[in-house]
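Colleague:
Protein chains: 2
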Amino acid sequence: MTTIFRGNIVHTPRLGELKTIPRGYLVLEDGVIDGLYDHLPHRYDGVPVEDWGDRLIMQSFADMHVHAPQYAMEAIGMDLPLLEWLQTYAFPTEARYADTEFARRTYRRLAQELISWGTTRVAMFSSLHTDATLILMEELEKAGICGYVGKVNMDRNGGENLQETTEESLRETVRWLDSCHFAHIHPIITPRFTPSCTDELMRGLGKLGRERGLYVQSHLSENLSEMEWVRQLHPDCRRYWETYQKFGMWRSHTIMAHCVHSDVREQEAIRDANVLVAHCAASNVNLCSGTAPVREMLDRGLWVALGSDVAGGDHLSMARNIEHAIRASKIRRIESNWHTPFLTVAEGLYLGTTAGHRYFGAGNGFAKGDKLHAIVVDDSALPEGVRELTVRERAERLVYQMRQEFITAVYSDSRRVR
Amino acid sequence: MTTIFRGNIVHTPRLGELKTIPRGYLVLEDGVIDGLYDHLPHRYDGVPVEDWGDRLIMQSFADMHVHAPQYAMEAIGMDLPLLEWLQTYAFPTEARYADTEFARRTYRRLAQELISWGTTRVAMFSSLHTDATLILMEELEKAGICGYVGKVNMDRNGGENLQETTEESLRETVRWLDSCHFAHIHPIITPRFTPSCTDELMRGLGKLGRERGLYVQSHLSENLSEMEWVRQLHPDCRRYWETYQKFGMWRSHTIMAHCVHSDVREQEAIRDANVLVAHCAASNVNLCSGTAPVREMLDRGLWVALGSDVAGGDHLSMARNIEHAIRASKIRRIESNWHTPFLTVAEGLYLGTTAGHRYFGAGNGFAKGDKLHAIVVDDSALPEGVRELTVRERAERLVYQMRQEFITAVYSDSRRVR
Chain A
81 MTTIFRGNIV HTPRLGELKT IPRGYLVLED GVIDGLYDHL PHRYDGVPVE
131 DWGDRLIMQS FADMHVHAPQ YAMEAIGMDL PLLEWLQTYA FPTEARYADT
181 EFARRTYRRL AQELISWGTT RVAMFSSLHT DATLILMEEL EKAGICGYVG
231 KVNMDRNGGE NLQETTEESL RETVRWLDSC HFAHIHPIIT PRFTPSCTDE
281 LMRGLGKLGR ERGLYVQSHL SENLSEMEWV RQLHPDCRRY WETYQKFGMW
331 RSHTIMAHCV HSDVREQEAI RDANVLVAHC AASNVNLCSG TAPVREMLDR
381 GLWVALGSDV AGGDHLSMAR NIEHAIRASK IRRIESNWHT PFLTVAEGLY
431 LGTTAGHRYF GAGNGFAKGD KLHAIVVDDS ALPEGVRELT VRERAERLVY
481 QMRQEFITAV YSDSRRVR
Chain B
81 MTTIFRGNIV HTPRLGELKT IPRGYLVLED GVIDGLYDHL PHRYDGVPVE
131 DWGDRLIMQS FADMHVHAPQ YAMEAIGMDL PLLEWLQTYA FPTEARYADT
181 EFARRTYRRL AQELISWGTT RVAMFSSLHT DATLILMEEL EKAGICGYVG
231 KVNMDRNGGE NLQETTEESL RETVRWLDSC HFAHIHPIIT PRFTPSCTDE
281 LMRGLGKLGR ERGLYVQSHL SENLSEMEWV RQLHPDCRRY WETYQKFGMW
331 RSHTIMAHCV HSDVREQEAI RDANVLVAHC AASNVNLCSG TAPVREMLDR
381 GLWVALGSDV AGGDHLSMAR NIEHAIRASK IRRIESNWHT PFLTVAEGLY
431 LGTTAGHRYF GAGNGFAKGD KLHAIVVDDS ALPEGVRELT VRERAERLVY
481 QMRQEFITAV YSDSRRVR
């Protein structure tokens with residue numbers, strides 16, 4: 081079974097490498113990518129071509145850190161710092177998901193909006209509610225999204241109606257894991273962050289994760305007050321990351337969101353364990369957390385991808401979040417007296433696509449043997465250039481100018497989902 | 081002649097003051113605002129009400145610094161610093177406007193896009209071409225936009241096909257001024273920036289401006305290399321602003337874009353002359369110029385409004401540019417060890433609306449006696465909150481989440497233009 085797409089192909093096989101094939105061909109054999117071509121080889125003569133004309137065929141986006149329940153408060157309460165913002169907005173919002181009807185409505189809308197912005201892979205926090213978490217997974221699955229979702233664990237320092245006992249938290253986690261039967265959406269162990277979880281809970285979660293072979297996601301070194309709090313809670317740990325390591329959760333494919341204030345030693349620990357940094361530039365500025373040293377982390381060999389962090393982040397569009405990552409790196413450049421190179425648009429695109437897709441076992445860019453995760457983009461509503469724009473320039477412009485209505489088609493796991 | 085609008089009214093009469101009237105009334109008498117009301121007074125019994133239901137009636141935006149010809153290269157070439165970017169992208173693009181057919185097409189589209197984002201007042205740079213400048217003014221007028229447009233003057237350091245002789249520049253400026261007969265679009269004297277204009281040209285422009293009672297717009301202290309260049313060109317001037325003062329162009333309502341690196345003395349000179357600072361936060365980060373000290377300028381009593389600075393800025397939407405101004409101020413907060421207060425959403429909205437409208441003689445917010453500059457916004461496509469959102473929260477969210485299709489109606493100078 082052969083499928084052939086034609087269009088202006090854009091992908092980022094490596095950091096800083098943006099490849100384009102103007103009016104090129106992308107061939108799928110039995111639902112996996114077989115090759116990319118300037119000119120279609122003769123062996124495909126007679127096979128029908130799905131021609132997207134002058135549209136761009138780009139990689140879809142991967143959002144490696146997003147809080148599903150906070151979608152209901154997206155872009156609200158942007159005038160508070162992290163810990164106050166959690167108490168005033170985030171925790172009361174999450175408490176609302178005890179209501180499964182509300183969860184169903186909101187999560188259906190969230191899944192549709194993710195697809196409409198071309199995000200096909202996610203690593204997502206739910207709330208502590210087992211039933212709402214299963215509903216979230218079901219709605220993502222139905223919308224055609226692939227990824228990892230975690231029932232959040234928190235047995236201390238929660239808000240009103242947003243805390244479990246240690247025993248409940250572990251029991252509900254087991255009930256949740258036993259109920260996960262989805263083709264494309266998988267469970268991931270999700271202690272909210274160290275201040276939310278007692279040692280006993282962390283120990284139980286670490287054990288559960290290892291027994292069932294599950295990945296882990298959490299938060300790390302987002303904000304200076306939070307880090308001070310963690311030091312008080314764990315005087316035995318010299319650095320924040322050790323509070324995860326202690327309980328067996330510091331290992332390959334653990335996702336740590338933020339890492340804004342991770343020092344060299346913490347960065348090395350991240351690299352050595354093959355932990356993924358989910359960089360959330362919009363959120364880090366919104367909550368005045370800081371600007372993460374992404375260039376430094378990349379130079380040091382860390383694995384960095386991007387997260388929208390809705391609703392510390394204000395927008396699900398990963399194009400916008402790529403833009404924010406580029407801007408954050410330009411701020412670091414200015415602050416370093418113009419010594420540190422910023423992220424180019426090509427590098428930003430890599431972080432928002434390939435770097436995240438690799439978490440799911442994908443190769444570099446549109447790689448042979450991969451399932452197709454792609455968007456088809458019609459940018460004809462954007463202004464005419466003074467000369468014909470290159471495909472590369474058009475792709476760069478879309479980082480800043482993407483609109484929902486430009487995204488004509490979305491492919492996830494080789495299925496057309498929009 | 082009485083017109084009555086009903087809807088959720090939002091405006092920012094003063095810096096930091098965001099006023100809302102849920103399901104309130106806005107009354108126009110003979111095309112000027114007569115009052116805002118919670119409940120409609122009895123004297124209006126029987127007058128038909130244009131009811132916008134649950135939509136928001138907000139102030140339209142004012143874009144106080146934008147380069148019309150660069151619209152054709154919006155969001156392209158974001159990987160270069162200012163002076164290289166000018167030579168590689170901006171100047172070759174502007175040279176293209178010798179072609180009046182191209183100018184007509186592009187400027188028509190620009191005018192439509194401005195209105196579609198709810199921008200009704202502008203201060204705009206054209207290119208050096210007189211005919212294209214007149215076409216730009218005509219297209220803005222037709223679209224219903226109000227504002228100031230300047231034929232750019234540059235008799236040194238231009239690019240290929242983008243430089244005039246001093247004599248040409250002055251002669252063409254007079255020809256242009258003599259041809260300006262528009263109801264809502266007025267000319268403004270526009271030396272590109274000090275490095276582009278010889279003393280003789282500056283002297284001539286200063287004189288022309290005074291004789292004809294015209295305002296002036298230009299650039300100031302955007303970037304450290306530019307400032308060094310100006311020091312070399314004008315060893316007699318201690319600070320950049322003096323290069324404008326010297327030629328009689330430093331006076332009330334002169335618009336100076338950027339002012340990123342203006343020191344205390346330059347800031348005081350801006351304040352004392354009632355010069356308007358057009359803060360262009362997106363552009364300043366895109367081109368790695370720096371982050372302007374907006375809080376400091378506001379505390380010191382300077383008049384600051386916002387500019388998109390397309391195409392150093394990447395987007396015409398002033399909602400996005402307000403967001404960028406807020407983010408820039410949060411960066412300044414982080415850099416000051418969390419001492420400097422950031423711009424709240426309410427303050428950002430003030431800068432993007434009232435602060436700019438005041439340039440045109442408008443009062444505070446929807447003020448009695450003013451012509452109506454307003455947008456009607458339908459935010460029903462945004463997610464349901466966990467409780468009913470206040471009108472204030474909905475307005476705040478729109479700074480981050482505005483989409484073109486939300487803007488149902490636009491009023492400019494009391495005319496419905498969309």
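Top line first, the protein sequences correspond to chains A and B.
Here the first sequence is numbered in my numbering, starting from 81 and rising by one per residue.
Here the second sequence is numbered in my numbering, starting from 81 and rising by one per residue.
Note that the Cβ used here is the ideal one computed from N, Cα and C, for glycine as well.
Just so you know, these numbers come straight off a predicted model, no measurement behind them.
1. Could you tell me the alpha carbon to alpha carbon distance between B:E346 and A:T488, rounded to whole angstroms?
2. Alpha carbons only, please: which of A:P121, A:L190 and A:E302 is nearest the one belonging to A:E154?
3. Hey, how far is the Cα of A:A353 from the Cα of B:N364?
4. Determine, using beta carbons only, whether B:K410 comes closer than 8 Å to chain A.
5. With a threshold of 8 Å on Cβ separation, who are the neighbours of A:Q192 within its own chain once the five nearest residues in sequence on each side are excluded?
6. If we define contact as Cβ-Cβ less than 8 Å, is A:R407 a contact residue for chain B?
7. Within 8 Å of any Cβ in chain A, is that where the Cβ of B:P463 sits?
8. Using a C-beta to C-beta distance shorter than 8 Å, which residues of chain A count as neighbours of B:H395?
9. To the nearest angstrom, report how far apart A:Q167 and A:A461 are at their CA atoms.
10. To which residues does DSSP link A:I84 through a beta bridge?
11. Below 8 Å on the Cβ atoms is my guess for B:V202 versus B:L194; work out the distance and round it to an integer in Å.
12. May I have a chain-ordered list of the alpha helix (DSSP H) segments no shorter than 4 residues that lie completely inside the region 319-398 of chain B?
13. Per DSSP, what kind of secondary structure is B:P315 in: helix, strand or coil?
14. Distance, Cα to Cα, B:Y105 vs B:S140?
15. Is A:Q75 buried or exposed, if buried means 16 or more other CB atoms sit within 10 Å of its CB?
16. Could you name the residues of chain B that A:C368 contacts, counting a contact when the two beta carbons are closer than 8 Å?
17. Using the Cα positions of A:V456 and B:V127, report the straight-line distance between them to the nearest angstrom.
18. Write down every uninterrupted run of the alpha helix (DSSP H) in the region 401-473 of chain A whose length is 4 residues or greater and which is fully enclosed by it, in chain order.
19. How many Å lie between B:G432 and A:R176 at the Cα?
20. Taking Cβ-Cβ distances shorter than 9 Å, what residues in chain A pair up with B:T186?
21. Which class does B:G230 belong to by DSSP, given the choice of helix, strand or coil?
22. State the DSSP-derived secondary structure class of B:Y491, mapped to helix, strand or coil.
23. Assuming B:G239 is part of the alpha helix (DSSP H), what are its boundary residues?
24. Who pairs with A:E97 in a beta bridge, going by DSSP?
25. Which class does A:T278 belong to by DSSP, given the choice of helix, strand or coil?
26. Determine whether the Cβ of A:Y151 lies closer than 8 Å to any Cβ atom of chain B.
27. Is the beta carbon of B:C368 closer than 8 Å to that of B:V357?
28. Please work out which residues of its chain come closer than 6 Å, Cβ to Cβ, to A:Y169, disregarding the five sequence neighbours upstream and downstream, and give them in chain order.
29. Any C-beta of chain B within less than 7 Å: which residues of the region 140-170 of chain A qualify?
30. What's the C-alpha gap between B:G392 and A:R188?
31. Pop quiz: B:C260 and B:M204 are said to be a contact at Cβ under 8 Å. What is the actual Cβ separation, rounded to whole angstroms?
32. Just to check my reading of the structure: A:L98 and A:L378 have Cβ atoms closer than 8 Å, yes? What is that Cβ distance to the nearest angstrom?
33. Does DSSP put B:S140 in a helix, in a strand, or in coil?
34. Per the contact definition of three or more C-beta pairs closer than 8 Å, is the region 462-475 of chain B in contact with the region 391-405 of chain B?
35. Using the beta-carbon of each residue, which ones in chain B are nearer than 7 Å to A:V365?
36. Using beta-carbon positions only, say whether A:G131 and A:N88 come within less than 8 Å of one another.
Modeller: A quick look at the data gives this:
1. Counted from its first residue, the second sequence places residue 346 of chain B at position 266. Counted from its first residue, the first sequence places residue 488 of chain A at position 408. The C-alpha of B:E346 lies about 50 Å from the C-alpha of A:T488.
2. Locating residue 154 of chain A in the first sequence gives position 74, counting from the first residue. When C-alpha distances from A:E154 are compared across A:P121, A:L190 and A:E302, the shortest belongs to A:L190.
3. By 1-based counting over the first sequence, the position of residue 353 of chain A is 273. By 1-based counting over the second sequence, the position of residue 364 of chain B is 284. When rounded, the distance between both Cα atoms is 38 Å.
4. Numbered from its first residue, the second sequence carries residue 410 of chain B at position 330. Interface residue, yes.
5. Taking the first residue of the first sequence as 1, we reach residue 192 of chain A at position 112. For A:Q192, where only same-chain residues beyond five positions count, the Cβ hits under 8 Å are A223.
6. Your numbering for residue 407 of chain A matches position 327 in the first sequence. By this cut-off, A:R407 is an interface position.
7. Walking along the second sequence from the start, residue 463 of chain B turns up at place 383. Among the CB atoms of chain A, one or more fall inside 8 Å of the CB of B:P463.
8. Along the second sequence, one-based indexing puts residue 395 of chain B at 315. Within chain A, Y480 and Q481 have C-beta atoms less than 8 Å from the C-beta of B:H395, given in sequence order.
9. Locating residue 167 of chain A in the first sequence gives position 87, where the first residue counts as 1. Locating residue 461 of chain A in the first sequence gives position 381, where the first residue counts as 1. In a straight line, the C-alpha of A:Q167 is about 42 Å away from that of A:A461.
10. The count along the first sequence starts at 1 and reaches residue 84 of chain A at position 4. Beta bridge pairing from DSSP links A:I84 with A:V107 and A:V129.
11. The residue given as residue 202 of chain B occupies position 122 in the second sequence. The residue given as residue 194 of chain B occupies position 114 in the second sequence. Rounded to the nearest angstrom, the Cβ distance from B:V202 to B:L194 is 7 Å, consistent with a contact under 8 Å.
12. You should have 322-325, 344-353, 361-366 and 374-379.
13. Taking the first residue of the second sequence as 1, we reach residue 315 of chain B at position 235. Looking at B:P315 - three-state DSSP - the assignment turns out to be coil, as it is neither helix nor strand.
14. Start at 1 with the first residue of the second sequence, and residue 105 of chain B comes out as number 25. Start at 1 with the first residue of the second sequence, and residue 140 of chain B comes out as number 60. So the two alpha carbons sit approximately 17 Å from each other.
15. Outside the displayed range of chain A (81 to 498) lies residue 75 of chain A, so it cannot be described from this structure.
16. As a position in the first sequence, residue 368 of chain A is number 288, starting the count at 1. Contact annotation for A:C368 against chain B: K410, R413, I414, W418 and F422 [CB-CB distance below 8 Å, chain order].
17. For the purposes of this step, residue 456 of chain A is taken as the residue at position 376 of the first sequence. For the purposes of this step, residue 127 of chain B is taken as the residue at position 47 of the second sequence. The alpha-carbon atoms of A:V456 and B:V127 are separated by roughly 51 Å.
18. Within the region 401-473 of chain A, complete alpha helix (DSSP H) segments of at least 4 residues are found at 425-432 and 434-437, given in chain order.
19. Residue 432 of chain B sits at position 352 when you count from the first residue of the second sequence. Residue 176 of chain A sits at position 96 when you count from the first residue of the first sequence. So the alpha carbons of these two residues sit roughly 35 Å apart.
20. Stepping through the second sequence from its first residue, residue 186 of chain B is reached at position 106. Per Cβ cutoff of 9 Å: P463, E464 and V466.
21. Here residue 230 of chain B refers to the residue found at position 150 of the second sequence. B:G230 falls in the strand class under three-state DSSP.
22. In the second sequence, residue 491 of chain B corresponds to position 411, counting from 1. Three-state DSSP puts B:Y491 in a strand.
23. If you number the second sequence from 1, residue 239 of chain B lands on position 159. Taken as a continuous stretch (DSSP letters only), B:G239 belongs to no alpha helix (DSSP H), as it is neither H nor E.
24. The residue labelled residue 97 of chain A in the question sits at position 17 within the first sequence. A:R94.
25. If you number the first sequence from 1, residue 278 of chain A lands on position 198. A:T278 carries a coil assignment under DSSP once its states are collapsed to helix, strand and coil.
26. Along the first sequence, read from residue 1 onward, the residue named residue 151 of chain A stands at position 71. Yes, A:Y151 lies at the interface with chain B (some Cβ there is under 8 Å from its Cβ).
27. As a first step, residue 357 of chain B must be located in the second sequence, where it is residue number 277. As a first step, residue 368 of chain B must be located in the second sequence, where it is residue number 288. Not in contact: B:V357 and B:C368 (Cβ atoms no closer than 8 Å).
28. Stepping through the first sequence from its first residue, residue 169 of chain A is reached at position 89. These residues qualify, in order along the chain: M153 and G157.
29. Here the close residues are Y151, A152, M153, E154, A155, I156, M158 and D159.
30. The residue labelled residue 392 of chain B in the question sits at position 312 within the second sequence. The residue labelled residue 188 of chain A in the question sits at position 108 within the first sequence. As the crow flies, the alpha-carbon of B:G392 is around 38 Å from that of A:R188.
31. Working through the second sequence from its first residue, we reach residue 260 of chain B at position 180. Working through the second sequence from its first residue, we reach residue 204 of chain B at position 124. Going by Cβ atoms, the distance from B:C260 to B:M204 rounds to 13 Å, so no, they are not a contact pair.
32. Your numbering for residue 98 of chain A matches position 18 in the first sequence. Your numbering for residue 378 of chain A matches position 298 in the first sequence. Going by Cβ atoms, the distance from A:L98 to A:L378 rounds to 16 Å, so no, they are not a contact pair.
33. Position 60 of the second sequence, counting from 1, holds the residue named residue 140 of chain B. In this structure, B:S140 counts as coil in the three-state DSSP scheme.
34. No, the region 391-405 of chain B is not in contact with the region 462-475 of chain B.
35. As a position in the first sequence, residue 365 of chain A is number 285, starting the count at 1. The answer, in chain order, is R407, K410 and I411.
36. Within the first sequence, residue 131 of chain A is the residue found at index 51, counting from 1. Within the first sequence, residue 88 of chain A is the residue found at index 8, counting from 1. At residue 131 of chain A the sequence reads Asp, which differs from the Gly that was named. Going by C-beta atoms, A:D131 is not nearer than 8 Å to A:N88.
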